[in-house]
Amino acid sequence: MTREKNEKRLANLKNIVLNMPEKPGSYQFYDEDHTIIYVGKAKNLKRRVSSYFHKEVDRYKTKVLVSKIMDISYTVVNTEEDALLLENALIKKYNPRYNVLLKDGKTYPSICVTNEYFPRIFKTRHINKKAGTYFGPYPHIGSMYAVLELIKRLYKPRTCRFPITKEGIAEGKYKPCLEYHIHNCGAPCINKQSYEEYQENMRQAREILKGNTRQVSKWLYDQMMKNAELLHFEIAEELKKKYTLLNEFVSKSEVVSHTIDDVDVFTIVDDSTNKNAFINYIHVKNGTINQSFTYEYKRKLDESDQELLITAIPEIRERFGSHAKEVIVPFEMEWKLKDAEFFVPQRGDKKHLLDLSEMNGKQYKFDRLKQAEKLNPEQKQTRLMKELQEKLKLPKLPYHIECFDNSNISGTDAVAGCIVYKGMKPSRKDYRKYNIKTVVGPDDYASMQEVVRRRYSRMTEEQSPLPDLIITDGGKGQMDVVRQVVEGELKLNIPIAGLAKDDRHRTNELLFGWPAQTVGLDVKSELFKVLTQIQDEVHRYAITFHRDKRSKHALHSELDDIKGIGPKTKEMLLKKLKSVKHIKTTDNQQLIELLGPSKGNLIYKHFHPNDTIME
Numbered sequence: 318m319t320r321e322k323n324e325k326r327l328a329n330l331k332n333i334v335l336n337m338p339e340k341p342g343s344y345q346f347y348d349e350d351h352t353i354i355y356v357g358k359a360k361n362l363k364r365r366v367s368s369y370f371h372k373e374v375d376r377y378k379t380k381v382l383v384s385k386i387m388d389i390s391y392t393v394v395n396t397e398e399d400a401l402l403l404e405n406a407l408i409k410k411y412n413p414r415y416n417v418l419l420k421d422g423k424t425y426p427s428i429c430v431t432n433e434y435f436p437r438i439f440k441t442r443h444i445n446k447k448a449g450t451y452f453g454p455y456p457h458i459g460s461m462y463a464v465l466e467l468i469k470r471l472y473k474p475r476t477c478r479f480p481i482t483k484e485g486i487a488e489g490k491y492k493p494c495l496e497y498h499i500h501n502c503g504a505p506c507i508n509k510q511s512y513e514e515y516q517e518n519m520r521q522a523r524e525i526l527k528g529n530t531r532q533v534s535k536w537l538y539d540q541m542m543k544n545a546e547l548l549h550f551e552i553a554e555e556l557k558k559k560y561t562l563l564n565e566f567v568s569k570s571e572v573v574s575h576t577i578d579d580v581d582v583f584t585i586v587d588d589s590t591n592k593n594a595f596i597n598y599i600h601v602k603n604g605t606i607n608q609s610f611t612y613e614y615k616r617k618l619d620e621s622d623q624e625l626l627i628t629a630i631p632e633i634r635e636r637f638g639s640h641a642k643e644v645i646v647p648f649e650m651e652w653k654l655k656d657a658e659f660f661v662p663q664r665g666d667k668k669h670l671l672d673l674s675e676m677n678g679k680q681y682k683f684d685r686l687k688q689a690e691k692l693n694p695e696q697k698q699t700r701l702m703k704e705l706q707e708k709l710k711l712p713k714l715p716y717h718i719e720c721f722d723n724s725n726i727s728g729t730d731a732v733a734g735c736i737v738y739k740g741m742k743p744s745r746k747d748y749r750k751y752n753i754k755t756v757v758g759p760d761d762y763a764s765m766q767e768v769v770r771r772r773y774s775r776m777t778e779e780q781s782p783l784p785d786l787i788i789t790d791g792g793k794g795q796m797d798v799v800r801q802v803v804e805g806e807l808k809l810n811i812p813i814a815g816l817a818k819d820d821r822h823r824t825n826e827l828l829f830g831w832p833a834q835t836v837g838l839d840v841k842s843e844l845f846k847v848l849t850q851i852q853d854e855v856h857r858y859a860i861t862f863h864r865d866k867r868s869k870h871a872l873h874s875e876l877d878d879i880k881g882i883g884p885k886t887k888e889m890l891l892k893k894l895k896s897v898k899h900i901k902t903t904d905n906q907q908l909i910e911l912l913g914p915s916k917g918n919l920i921y922k923h924f925h926p927n928d929t930i931m932e
């Protein structure tokens, strides 16, 4: 688009905005194909829409949206809630490109109580209001089956699909089925259970499905006591069983006081990239959670938490058919609902519900993260690097990490190892072994300085990329000696961390900075486990190298020092003469007879350097 066309477009749009009313409503943005690309809501249409064109928009995505707007339309409504509902309806209908969208498109099962002469109770995903009364939906299938099982055990509703009628019962058309014989049905079809009793059971079942369990419990208790007074102990016993069963169910499902009746709870949790948000919804009836689910929303225009939440609330309430008068939210809301009030609790049972909702949202976020990391392992490694960068306040991501360790026995066969981790994974081709050359005796600090000096002097000379982080196997002492070499001698700026151990020789803290300070890192966290793995890996590498070197010394023979004498010659000599001591005392002539003049003279000359060999 040319500059002239763009200026003409903006002038036309601003003219539309000037004529917009200052009333609540919904507005729609169209592209050049006259396709709706964004639907919004506003308490003041003129003020809200003009903000897109008459002030500097900070967010990049919003700038992109504005650049694609070719036309604007709007709808005026009476209240803020009507604006919310209208926006929700239009988003569902047109699915605009730049609107936040609910990722979940599933249909959830409901529980149906039919309108038949003897009603049935069953789960279904198909809603037909003519067929009966529906309760739900139930996003958590387990809780739905728990309610169905409770109703089945309490009231034994019929499960057959026969169209049972009053006339058919009178004519004796029906026969008892297996469910009756195994005591899962009262057989109202053959008058084993009266119509009045069955209908009373269905009434109580409806109350349970509504969440009014305490009312049913009180009725059962009153009936139990009444029958006990009348000495109808068998009936009282059956009522007692139902009362106990219902109370056990309530005790498991009730999370707060039963005085909290018909409340919606909403919380929002952002992901680490701030691109997605997880909105948890909980509906509470008589202190019991009836519905609970977490939805994932994807940000399209970098919407704030408040904007996302107020967009999601009407949609979720509509989906679950909620008419709760009180809506608990984590922060104050600018918008208002006509038939409900927002409430931000600070303490008590309602604050407990808010915390519970937030915990569910965080758990859902964690589960999604784990699932994504299984499909893409690099995502996990990047997350750990970012966490380490954040904890240590590093200038860049610690992609390249090096760790050092020494190994010796009282200063003998002293060696050191350097391992390299790239992207939180071992890069074994970059591992290096070092024989300690300048240090005499068991001086770990001096050995560490020698190795670090050799390592980074060479890397500097070769202009190899330096590590983003050095980890020492030790506390403040090891960190100090490494710092003296890296910063003091070589003038390099490489962050240095240390892994310190407790009295039981277990790694228990991460040190960083100068002077070294303990980093607040949970020893049970995933990051700490990875750092411990790095430490274990450098231990293994250095100790393995030390053992190999010591083994070579243990198997070393003086014959190995004679140039020109190979393994087969050595083996034959030891087989004939049994030991190096006997070889030393053997005369030259005998050695020549065994090995020939060349090798015989060579060995004799090695052990008797002052003797003259006769040709």
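Its first residue numbered 318, the sequence shown is counted upward by one per residue in this note's numbering. Cβ coordinates follow ideal geometry from the N, Cα and C atoms, glycine included. On a predicted model such as this, the values are computed, not experimentally measured, just so you know.
- Message: Does the stretch 797-811 come into contact with the stretch 761-778, if we say contact requires no fewer than three beta-carbon pairs (one atom in each stretch) closer than 8 Å?
- Response: These segments touch.
- Item | Span of the alpha helix (DSSP H) around His925 | The continuous stretches of alpha helix (DSSP H) do not include His925, and DSSP gives it neither H nor E.
- Give the DSSP-derived three-state secondary structure of Cys506 in the structure shown. Three-state result, Cys506: helix.
- Which term fits Gly917, buried or exposed, when burial requires 16 or more other beta carbons within 10 angstroms of its beta carbon? Buried, since its Cβ has 16 or more Cβ neighbours within 10 Å.
- Query: If Ile408 sits next to Asn416, beta carbons under 8 Å apart, how far is it from one beta carbon to the other, in whole angstroms?
  - Reply: The C-beta distance from Ile408 to Asn416 rounds to 5 Å, short enough to fall under 8 Å.
- Under a Cβ-count criterion, where at least 16 other Cβ atoms within 10 Å of its own Cβ denotes burial, should Phe550 be classed as buried or exposed? The residue is exposed, with fewer than 16 neighbouring Cβ atoms inside 10 Å.
- Message: So, for Arg770: in the same chain, excluding its five sequence neighbours on each side, which residues have a beta-carbon less than 8 Å away from its beta-carbon?
- Response: For Arg770, the CB contacts under 8 Å within the same chain, skipping 5 residues up- and downstream, are Val802, Glu806, Leu807 in chain order.
- Can you pull the DSSP bridge partners for Ser609? DSSP, once it has assigned bridges, lists Ile599 as partnering Ser609.
- Item | Pairwise C-alpha distance: Glu826 and Val840 | Distance from the CA of Val840 to the CA of Glu826, rounded to the nearest whole angstrom, comes to 7 Å.
- Outcome for Leu671 when other beta-carbon atoms lying within 10 angstroms are tallied against a minimum of 16: Looking at its Cβ environment, which holds 16 or more other Cβ atoms inside 10 Å, Leu671 is buried.
- Query: So, are the CB atoms of Tyr344 and Val366 less than 7 Å apart?
  - Reply: Cβ distance < 7 Å, so Tyr344 and Val366 count as in contact.
- Query: Looking at Thr605 and Gly984, is the spacing between their C-beta atoms short of 7 Å?
  - Reply: Any answer about residue 984 is impossible in this case: the structure gives the chain only from 318 up to 932.
- Query: When DSSP labels each residue in this structure, what does Asp578 get in the three-state scheme?
  - Reply: When DSSP states are grouped into helix, strand and coil, Asp578 belongs to the coil group.
- What residue ranges within the stretch 779-866 form continuous beta strand (DSSP E) runs of no fewer than 3 residues, ordered along the chain? For the stretch 779-866, whole beta strand (DSSP E) runs of length 3 or above, ordered along the chain, are 786-789, 813-818, 824-829.
- Query: Taking the alpha-carbon positions, what's the Lys893 to His899 distance?
  - Reply: So the two alpha carbons sit approximately 10 Å from each other.
- Could you give the distance in angstroms between the alpha-carbon of Lys739 and the alpha-carbon of Met676? Straight-line Cα distance between these residues: approximately 34 Å.
- Query: So Thr530 packs on Leu563, CB below 8 Å; how close in whole Å?
  - Reply: Going by Cβ atoms, the distance from Thr530 to Leu563 rounds to 6 Å, so yes, they are a contact pair.
- Item | Cβ-based neighbour list, Met337, same chain, cut-off 7 Å, excluding 5 preceding and 5 following | Cβ-Cβ distances below 7 Å link Met337 to Leu362, Lys363, Val366, Tyr391 in the same chain, with the five nearest sequence neighbours on each side left out; the list follows chain order.
- Exposed unless 16 or more other CB atoms sit within 10 angstroms - verdict on Arg475: By the beta-carbon neighbour count (other beta carbons within 10 angstroms, threshold 16), Arg475 is buried.
- If we ignore side chains and look at the alpha-carbon of each, how far apart do Ile718 and Val732 end up? Ile718 and Val732 have their C-alpha atoms some 21 Å from each other.
- Query: In whole angstroms, what separates the C-alpha of Arg326 from that of Glu349?
  - Reply: Glu349 has its alpha-carbon roughly 11 Å from the corresponding atom of Arg326.
- Contact under 7 Å by Cβ, Tyr455 with Pro426: Contact: yes.
- Query: Cα-Cα, which of Phe595, Lys746, Ile627, Lys754 is closest to Tyr681?
  - Reply: The candidate whose alpha carbon is nearest that of Tyr681 is Phe595.
- Query: Considering only residues of the same chain and omitting the five flanking positions on each side of Phe637, which have a CB-CB separation below 6 Å?
  - Reply: Correct list, in chain order: Gln608.
- Message: Given a cut-off of 7 Å on the beta-carbon distance, is the pair Leu705 and Pro712 in contact?
- Response: Their beta carbons are not under 7 Å apart, which means Leu705 does not touch Pro712 by this criterion.
- Determine the closest residue to Pro784 out of Tyr598, Val737, Lys410, with distance taken between C-alpha atoms. Put simply, of Tyr598, Val737, Lys410 the residue whose alpha carbon is nearest the alpha carbon of Pro784 is Val737.
- Message: Let me make sure I understand the geometry here. Which of Gly791, Pro812, Glu779 has the alpha-carbon closest to that of Asn723?
- Response: Taking only the C-alpha atoms, the option nearest Asn723 is Gly791.
- Give me the Cα-Cα distance between Glu888 and Leu848, rounded to the nearest whole angstrom. Going by the C-alpha atoms only, they are around 48 Å apart.
- Complete runs of the beta strand (DSSP E) confined to the stretch 707-777 [at least 3 residues]: Here the runs fully enclosed are 717-726, 729-739, 749-752.
- Entirely enclosed alpha helix (DSSP H) segments - the stretch 516-568, minimum 4 residues: Unbroken alpha helix (DSSP H) runs of no fewer than 4 residues, entirely contained in the stretch 516-568, are found at 530-546, following chain order.
- Message: Applying the 10 Å Cβ sphere with the 16-neighbour rule, what's the burial state of Gly459?
- Response: Exposed is the label assigned to Gly459, since fewer than 16 other Cβ atoms lie within 10 Å of its Cβ.
- Message: According to DSSP, simplified to helix, strand and coil, what is Arg326?
- Response: Helix, per DSSP.
- When burial is assigned at 16 or more other CB atoms within 10 Å of the CB, is Ser764 buried or exposed? It counts as buried.
- Message: With three or more beta-carbon pairs closer than 8 Å as the criterion, would you say the stretch 382-402 touches the stretch 643-656?
- Response: Cβ pair count under 8 Å is three or more, so yes.
- Message: I'd like to confirm something about Met461: is its beta-carbon nearer than 6 Å to some heavy atom of the ligand SAM, or not?
- Response: The ligand SAM is not part of this structure, which contains no ligands at all.
- Message: Just to confirm the assignment: which complete beta strand (DSSP E) runs, minimum length 3, are found wholly within the stretch 372-414?
- Response: As summarised for the stretch 372-414, the continuous beta strand (DSSP E) elements at least 3 residues long and confined to that stretch are 388-393, given in chain order.
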